[in-house]
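Heads up, the thing below is written out as structure tokens.
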Amino acid sequence: MTGCYLKFYVAENRRHHHLLVYEWLLQEAQRLGLHGGSAVRALAGFGRHGRLHEERFFELQGDLPVEVGFVVTAAEADCFLAHIARENLNLFYLRVPVACGFTGDGPAGDAS
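For the sequence shown, position 102 matches number 100 in the numbering used here, and the numbering has no gaps at all.
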């Protein structure tokens, strides 16, 4: 199966409609029928402004990068990006072609 990997980078404390942006992205993706997504918090990172964000024991400020990713079809990616644009969210994203599938002989999720 071919599709694309759609990944967004957001600050963990950024909000949209009173939700953290990474939570909003996951909820909206689920509401629009995407089949899965993940949010992963980074240990450190820097963005276009060059400011380093990193977790320190005494400085837990909540501004670390969070990567939110989805493996979707091209049509799903187009739909989701258009939805985000209508929400007036300015987010950096990657859209990369991928080949994906499931290992094993059974149907997806079959643990036997």
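Note that CB positions come from ideal geometry on N, CA and C, so glycine has one too.
> What does a CB cutoff of less than 6 Å around Thr0 pick up in its chain, not counting 5 residues either side in sequence?
Replying inline: Excluding sequence positions up to five before and after Thr0, its CB lies within less than 6 Å of the CB of Ala97, all in the same chain and listed in chain order.
> To the nearest whole angstrom, what separates the beta carbons of Phe78 and Ala37, a pair I think is in contact under 8 Å?
Replying inline: That belief does not hold up - the Cβ atoms of Phe78 and Ala37 are roughly 15 Å apart, past 8 Å.
> So which of Gly31, Asn11, Pro63 has the shortest CA-CA distance to Val69?
Replying inline: That would be Gly31, whose Cα lies nearest to the Cα of Val69.
> Tell me, which residues are paired with His14 by DSSP?
Replying inline: According to DSSP, His14 bridges with Leu17.
> What are the boundary residues of the beta strand (DSSP E) that includes Glu65?
Replying inline: 63 to 70 is the span of the beta strand (DSSP E), which, as asked, contains Glu65.
>> By DSSP's criteria, Phe100 is part of a beta bridge. Which residues make up the other side?
In response: In the DSSP assignment, Phe100 is bridged to no other residue.
>> With H, G and I counted as helix, E and B as strand and the rest as coil, what does DSSP make of Leu92?
In response: Residue state for Leu92 is assigned as strand, using DSSP reduced to three classes.
> For the beta strand (DSSP E) that Arg39 lies in, which residues bound it at each end?
Replying inline: Here the beta strand (DSSP E) through Arg39 covers 36 to 39.
> Would Leu62 pass as a contact of Glu10 if the rule is Cβ separation under 7 Å?
Replying inline: Cβ distance < 7 Å, so Leu62 and Glu10 count as in contact.
> Does DSSP put Leu30 in a helix, a strand or coil?
Replying inline: Coil at Leu30, not helix or strand.
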